[in-house]
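Protein chains in written order, with the numbering used here: chain S, 1 to 472; chain X, 1001 to 1089.
Every residue, glycine too, gets a C-beta built ideally from N, C-alpha and C.
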Amino acid sequence: MKLSQLTIEEAKNGLKKKIFSCQELVKDCLNEIKKRNKEINAFITINEKAIDEAREVDKKISQGENLNELTGIPLAIKDNILVEGLRCTAGSKILENYIAPYDATVIKKLKKAGAIFIGKTNMDEFAMGSSGENSAFGLTRNPYDLNRVPGGSSSGSAAAVAANFCLGSLGSDTGGSIRQPSAFCGLVGLKPSYGAVSRYGLIALASSLDQIGPITKTVKDCQIIFEVIKGKDEMDSTSINIENKELKIEIKNLKIGIPKQYFIKGLDEEIKNKIKEILKKLEDQGAIIQEISLAMTDYALACYYIIMSSEASANLARYDGIRYSKIKNEKVKNVEELYFENRTKGFGIEVKRRIILGTYSLSAGYYEAYYLKAMKVRNLIKKDFSEAFKKVDLIITPTTPTPAFKIGEKLDPISMYLSDIFTAPVNLAGLPAISLPIGFTKSKLPIGCQIIGKYKEEDKIFELSKIIEELK
Amino acid sequence: MIEHIAQLAKLKLSEKEKEKFSKELLQILDFVKKLNEVDTSNIEPFFSDLKNILRKDEIKIKDHKSKVKILIKQAPEKEGNYFKTISIL
Chain S
1 MKLSQLTIEE AKNGLKKKIF SCQELVKDCL NEIKKRNKEI NAFITINEKA
51 IDEAREVDKK ISQGENLNEL TGIPLAIKDN ILVEGLRCTA GSKILENYIA
101 PYDATVIKKL KKAGAIFIGK TNMDEFAMGS SGENSAFGLT RNPYDLNRVP
151 GGSSSGSAAA VAANFCLGSL GSDTGGSIRQ PSAFCGLVGL KPSYGAVSRY
201 GLIALASSLD QIGPITKTVK DCQIIFEVIK GKDEMDSTSI NIENKELKIE
251 IKNLKIGIPK QYFIKGLDEE IKNKIKEILK KLEDQGAIIQ EISLAMTDYA
301 LACYYIIMSS EASANLARYD GIRYSKIKNE KVKNVEELYF ENRTKGFGIE
351 VKRRIILGTY SLSAGYYEAY YLKAMKVRNL IKKDFSEAFK KVDLIITPTT
401 PTPAFKIGEK LDPISMYLSD IFTAPVNLAG LPAISLPIGF TKSKLPIGCQ
451 IIGKYKEEDK IFELSKIIEE LK
Chain X
1001 MIEHIAQLAK LKLSEKEKEK FSKELLQILD FVKKLNEVDT SNIEPFFSDL
1051 KNILRKDEIK IKDHKSKVKI LIKQAPEKEG NYFKTISIL
């Protein structure tokens, strides 16, 4: 077995017991990258200093220094999270040459915990997409089937872990961008409660929805990274503290809600059957499976696309090209033209599409009909969940309606937007949710199941996730 | 309409793009139209429970001068420690 195939937990143990060195571990990951990244294209930037950092870690280990939570663990970081000194593109041409001048709070925390960053991962431009096909740096392929998408927008972060290029990664999730690629690549991916993880140093897409979270091979690994990155940060006023409740759950009499609106026409039969199989096993262990109703589900995606694109159009207004671009002043007549020139050449097609939709929904005369209406519906969606959580402890759903689809298969925007149908409502409600691998289709594509918890109850999600992980 | 929106968003669209985006915008608007089925007459818009948190605007970075240099270095045009752009007036 190659070291790159280890889980974080196993690698920590191996380093601690000096079974292998950190340099060997990092070299193994870099070898895998050399072998397969050309076809998978999971990275935009490789950290050339990773091996030097590994040498430093080995020195510390040999000197008998204590190991931190992630000492010497090679991780990959989505390219919309700032790592000081490394290029940060958000998958866009408009940030092609941008070098991050500081560390995001999550990066500071991971560094303190001892992690090594192997590289910055490919992604749909500005996190807009569900397939990894919208990157200015070329599309990413699914390691399970190179003709299929890895999901998105954290396409490279999922593909890199699935291909053993690193032991875990960070992604960001606005409407499913951690959970959907985790499901497509057979991984565990957590979208934490809104505010649980600081977003200082994350390139914003939609600020009332965005969250950073881990993508890993196991639930325990996911929990290890989450524990390191979570917490209130004075640089992000939306961040909150989540106490470690150590919520031990008893599977006996645990109430699990199944929203009937999620088991609809269009849900892949194999996914449906696999979820049913899991539910049956949980029931056999004493869990109470209960049908619930999330009546607003049918409206969630429309609501999501209005809110996300409105916030995105406002957030992306800052890209004017004055601070980092290549267009010289003498090429244009006035500042207005400089903006037009930079934005027109710098943004890709999906970004332009969403800026146009968002600008339209926020423009005079349409604001009330679209943005305000969507914000009212959002309140109803949130209420749906809080009513449901009066009856049940956790909710189980499929993560995606289909397994990984073929590259180039979804050409019109709406059919692509429908990939987020089971994940986007969770962001609108600000709740935590995980995607777990629960098996494969007949054609060997991974299947994911989503567990949604109450606000700030990540611990409970992890506990049930571990139980499901054990079932296999 | 699409030209007005593009103007507001500071995007130049080719004739082909205008046609494409007009068509797609209509499709998307048609898709989101279903929100009108929801009765929201007595519903407040969503707002988060978060409150403003203020802090002093102090420089806490030790080597902030070198950071300024890194930032200015990335600008297409600069003068001293400033970004340079075309005069607005």
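Item                                                                                                                            : Value
Range of the contiguous alpha helix (DSSP H) that encloses residue 390 of chain S                                               : 373-391
Exposure label - residue 266 of chain S; buried when at least 16 CB within 10 Å                                                 : exposed
Burial state of residue 1082 of chain X, where buried means 16 or more other Cβ atoms lie within 10 Å                           : exposed
Those residues which DSSP pairs with residue 291 of chain S across a bridge                                                     : S/258
N-terminal and C-terminal residue of the beta strand (DSSP E) that residue 78 of chain S is part of                             : 74-78
Meets three-Cβ-pair contact criterion under 8 Å: the region 141-159 of chain S and the region 224-241 of chain S                : no
Identified DSSP bridge partners for residue 120 of chain S                                                                      : S/45 and S/77
Beta-carbon neighbours of residue 315 of chain S, restricted to chain X and to distances below 9 Å                              : Within 9 Å Cβ-Cβ: nothing; residue 315 of chain S doesn't reach chain X, min ~12 Å.
Extent of the continuous beta strand (DSSP E) run through residue 191 of chain S                                                : 188-191
Min CB distance residue 367 of chain S to chain X below 8 Å                                                                     : no
Reference residue 136 of chain S; option with closest CA among S/428, S/346 and S/455                                           : S/346
Own chain partners of residue 389 of chain S with C-beta closer than 6 Å, once the 5 adjacent residues on each side are dropped : 454
Euclidean distance between Cα positions of residue 201 of chain S and residue 288 of chain S                                    : 42 Å
Exposed unless 16 or more other CB atoms sit within 10 angstroms - verdict on residue 416 of chain S                            : buried
Where residue 230 of chain S falls: helix, strand or coil (DSSP)                                                                : strand
Candidates S/35, S/50 and S/41: closest to residue 22 of chain S by CA position                                                 : S/50
Residue-level contact to chain X via CB, residue 422 of chain S, 8 Å cutoff                                                     : no
Outcome for residue 19 of chain S when other beta-carbon atoms lying within 10 angstroms are tallied against a minimum of 16    : exposed
Expected contact under 8 Å - CB spacing of residue 358 of chain S and residue 310 of chain S to nearest Å                       : 4 Å
Residue 450 of chain S, DSSP secondary structure in three states                                                                : strand
Under 7 Å by beta carbon: chain X residues contacting residue 379 of chain S                                                    : 1043, 1044, 1045 and 1046
Separation of residue 252 of chain S from residue 85 of chain S, as counted between CA atoms                                    : 51 Å
Residue 168 of chain S classed as buried or exposed, judged by whether at least 16 other C-beta atoms fall within 10 angstroms  : buried
Cβ contact check for the region 53-61 of chain S and the region 32-42 of chain S: 3 or more pairs under 8 Å                     : no
Length of the line joining the Cα atoms of residue 245 of chain S and residue 177 of chain S                                    : 27 Å
Local Cβ density within 10 Å of residue 1001 of chain X, reported as buried at 16 or more and exposed below that                : exposed
Test: residue 1003 of chain X CB closer than 8 Å to a CB of chain C                                                             : The chain labelled as chain C is not found among the protein chains of the depicted structure, namely S and X.
Alpha-carbon to alpha-carbon, residue 466 of chain S and residue 45 of chain S                                                  : 33 Å
C-beta contact flag for residue 435 of chain S and residue 402 of chain S at 8 Å                                                : no
Check whether residue 155 of chain S and residue 181 of chain S have beta carbons under 8 Å apart                               : yes
Under the three-state DSSP convention, the category residue 433 of chain S falls into                                           : strand
Own chain, CB closer than 8 Å to residue 406 of chain S, minus 5 neighbours either side, in chain order                         : 147, 148 and 149
Start-to-end residues for the beta strand (DSSP E) that takes in residue 173 of chain S                                         : 168-173
Coil, strand or helix - residue 248 of chain S by DSSP                                                                          : coil
Same chain only: Cβ atoms within 7 Å of residue 462 of chain S, ignoring 5 sequence neighbours per side                         : 219 and 223
Local Cβ density within 10 Å of residue 419 of chain S, reported as buried at 16 or more and exposed below that                 : buried
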